[in-house]
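What follows is a set of notes on a single structure, which appears directly below.
In our numbering, the protein residues as written are 275 to 674.
This is how it looks when you write it as structure tokens:
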């Protein structure tokens, strides 16, 4: 037997050489250090801090009380007592209140008309009017709901006292106020926490942008700096080896960032994990690989780092709007549905919501998992041959 160690196969040797080369390039690039190690955790922590208060509280609203009665003051106190609103601005007329809303001093205007108390005592059903900026869906919804609950509470108490004064038993008076009771039970997010609703979806949305931008720069940057030939030579001339060796360091870093992301969301922020963590872990690996694949696809198709970055921004920027989280996918137009399905984020967030908040069985993740696999394995059929031609063609190097 020979005392010499067995020779390392050329493919493995080339792969290791590319991995080492890429690690050196990462360490020597301030851009890569920033986008790999600084910005992802910083944005995760920033978003967590933004949603540290689960529900918006003390939203300022203007009040125009033209009745100045005990009833109108009781309604104002009831509005101010809600956790969502603060009746912080008193105005004399509607014009002054509208100006305050336009200036941004208040998010809404509550109008209590003259004769409110008189009409209520007569049983004429007076109207309390609420004006709000409906461009702010979240804020307007909170204002509308809080004012409605406050007014109904005051009105219901008036009616209950009137019935008791007429001789009805308190229990009977309460029943007649609401003869049919609606038992509302919110599933999965009973506290209506906007943080629990948005944070598990926003963090992966941020991560997808970092992955694509980094992979575009890693691949298209080789062409721009005319180091593409060196990259291929380091791999021993094999395009697949060159691509896999370049991918691996970034895959490991982004998987670590994914672990940090879910640690922040689940452990620090307290987002629920009601399903199978193994399903989420597997989907996260596919999510990272899918966006790496898309980044290399953009770089290979354009062979130009500026165009590839623009394409990546166009692809990832509006992704959250069409991913089916804030706007139901069933209500999207046909082009929006196509765009939504063309995003790995859409399928990943489906798994995230199923496993984190809904506690769905693992089998429900099969379809979105298959979609993520398609994003991982189909683009290489295009970008690997394309990169092979670009790496061997000096005429395609050096483009700005």
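For every residue, glycine included, the Cβ atom is placed at its ideal position computed from N, Cα and C.
Report the partner residues of residue 336 according to the DSSP bridge assignment. Stepping through the chain shown from its first residue, residue 336 is reached at position 62. DSSP, once it has assigned bridges, lists 363, 383 as partnering residue 336.
Between the alpha carbons of residue 500 and residue 546, how many angstroms are there, rounded? Against the chain shown, residue 500 aligns to sequence position 226. Against the chain shown, residue 546 aligns to sequence position 272. The alpha-carbon atoms of residue 500 and residue 546 are separated by roughly 48 Å.
Any contact of the region 313-323 with the region 349-365, i.e. 3+ C-beta pairs under 8 Å? no
Is residue 404 helix, strand or coil by DSSP? Along the chain shown, read from residue 1 onward, the residue named residue 404 stands at position 130. Strand.
Nearest-angstrom beta carbon gap, residue 489 and residue 566 [assumed within contact, 8 Å]: Walking along the chain shown from the start, residue 566 turns up at place 292. Walking along the chain shown from the start, residue 489 turns up at place 215. The Cβ separation is near 5 Å, so the contact holds.
Report buried or exposed for residue 637, applying the criterion of at least 16 other Cβ atoms within 10 angstroms of its Cβ. The residue you call residue 637 lines up with position 363 of the chain shown. By the 10 Å Cβ count, residue 637 comes out exposed.
From residue 518 to residue 286, what does the alpha carbon distance come to, in whole angstroms? Here residue 518 refers to the residue found at position 244 of the chain shown. Here residue 286 refers to the residue found at position 12 of the chain shown. About 11 Å.
Are three or more beta carbon pairs between the region 329-347 and the region 290-303 nearer than 8 Å? no
Buried or exposed for residue 621, please, with buried defined as at least 16 other CB atoms from any protein chain shown within 10 angstroms of its CB. On the chain shown, residue 621 is found 347 positions in, with the first residue counted as 1. By the 10 Å Cβ count, residue 621 comes out buried.
From 470, 624, 419, 307, pick the residue whose C-alpha is nearest to that of residue 356; which is it? As a first step, residue 356 is located in the chain shown; it is residue number 82 there, counting from the start. For residue 356, the nearest C-alpha among the options comes from 419.
Taking all protein chains shown into account, do 16 or more other C-beta atoms lie within 10 angstroms of the C-beta of residue 406, making it buried, or fewer, making it exposed? Numbered from its first residue, the chain shown carries residue 406 at position 132. Buried: at least 16 other Cβ atoms inside 10 Å.
In chain order, which continuous runs of the beta strand (DSSP E) of length 3 or greater are located wholly inside the region 582-659? none
Nearest to residue 690 (by Cα), restricted to the options 604, 524, 414: Residue 690 is absent from the structure shown; the chain starts at 275 and stops at 674.
Examine the Cβ distances between the region 636-651 and the region 546-557 and report whether three or more of them are shorter than 8 Å. yes
Give the DSSP-derived three-state secondary structure of residue 547 in the structure shown. On the chain shown, position 273 is the one that residue 547 refers to. Residue 547 falls in the coil class under three-state DSSP.
Report buried or exposed for residue 513, applying the criterion of at least 16 other Cβ atoms within 10 angstroms of its Cβ. Stepping through the chain shown from its first residue, residue 513 is reached at position 239. Buried, by the Cβ-count rule.
Please confirm if the region 593-611 is in contact with the region 470-479, defined as three or more CB-CB distances below 8 Å between the two stretches. yes
Are at least three pairs of beta-carbons, each pair with one atom in the region 359-366 and one in the region 377-385, less than 8 Å apart? yes
Euclidean distance between Cα positions of residue 309 and residue 587: The residue you call residue 309 lines up with position 35 of the chain shown. The residue you call residue 587 lines up with position 313 of the chain shown. Going by the C-alpha atoms only, they are around 15 Å apart.
Taking the alpha helix (DSSP H) that residue 499 belongs to, which residues open and close that run? To locate residue 499, count along the chain shown from 1; it is residue 225. Neither: residue 499 is in no alpha helix (DSSP H) and is coded neither H nor E.
Below 8 Å on the Cβ atoms is my contact criterion, and I expect residue 358 with residue 330 to pass it. Report the Cβ-Cβ distance as a whole number of Å. The residue labelled residue 358 in the question sits at position 84 within the chain shown. The residue labelled residue 330 in the question sits at position 56 within the chain shown. Indeed, because the Cβ distance is near 7 Å, the residues count as touching under 8 Å.
Length of the line joining the Cα atoms of residue 536 and residue 384: Within the chain shown, the letter at position 262 stands for residue 536. Within the chain shown, the letter at position 110 stands for residue 384. Near 42 Å, if we compare the C-alpha coordinates of residue 384 and residue 536.
Looking only at its chain, what residues have a beta carbon closer than 6 Å to the beta carbon of residue 572, apart from the 5 residues adjacent to it on each side? Start at 1 with the first residue of the chain shown, and residue 572 comes out as number 298. For residue 572, where only same-chain residues beyond five positions count, the Cβ hits under 6 Å are 490, 582, 585, 586.
What is the residue span of the alpha helix (DSSP H) that residue 525 lies within? For the purposes of this step, residue 525 is taken as the residue at position 251 of the chain shown. Note, residue 525: alpha helix (DSSP H), 513-536.
Apart from the five residues on each side of it in sequence, which residues of its chain come closer than 6 Å, Cβ to Cβ, to residue 540? What you label residue 540 is simply residue 266 of the chain shown in a count that begins at 1. Taken in chain order, the residues that qualify are 547.
Mind reading off the beta-carbon distance from residue 325 to residue 472? Whole number of angstroms is fine, and I expect it under 8 Å. For the purposes of this step, residue 325 is identified with residue 51 of the chain shown, where counting begins at 1. For the purposes of this step, residue 472 is identified with residue 198 of the chain shown, where counting begins at 1. Indeed, because the Cβ distance is near 7 Å, the residues count as touching under 8 Å.
Pick from 630, 655, 654, 538: whose alpha carbon is nearest that of residue 320? Position 46 of the chain shown, counted from the first residue, corresponds to residue 320. Answer by Cα proximity: 538.
Please state whether DSSP places residue 356 in a helix, a strand or coil. As a position in the chain shown, residue 356 is number 82, starting the count at 1. Note: residue 356 maps to coil in three-state DSSP.
Can you list, in chain order, the residues of its chain whose CB lies under 6 Å from that of residue 574, leaving out five sequence neighbours each side? The residue you call residue 574 lines up with position 300 of the chain shown. The residues are 657, 660, 661.
Please state the DSSP three-state secondary structure of residue 484. Walking along the chain shown from the start, residue 484 turns up at place 210. Helix, per DSSP.
Counted within 10 angstroms of its Cβ, other Cβ atoms place residue 327 as buried (16 or more) or exposed: Taking the first residue of the chain shown as 1, we reach residue 327 at position 53. Exposed is the call here.
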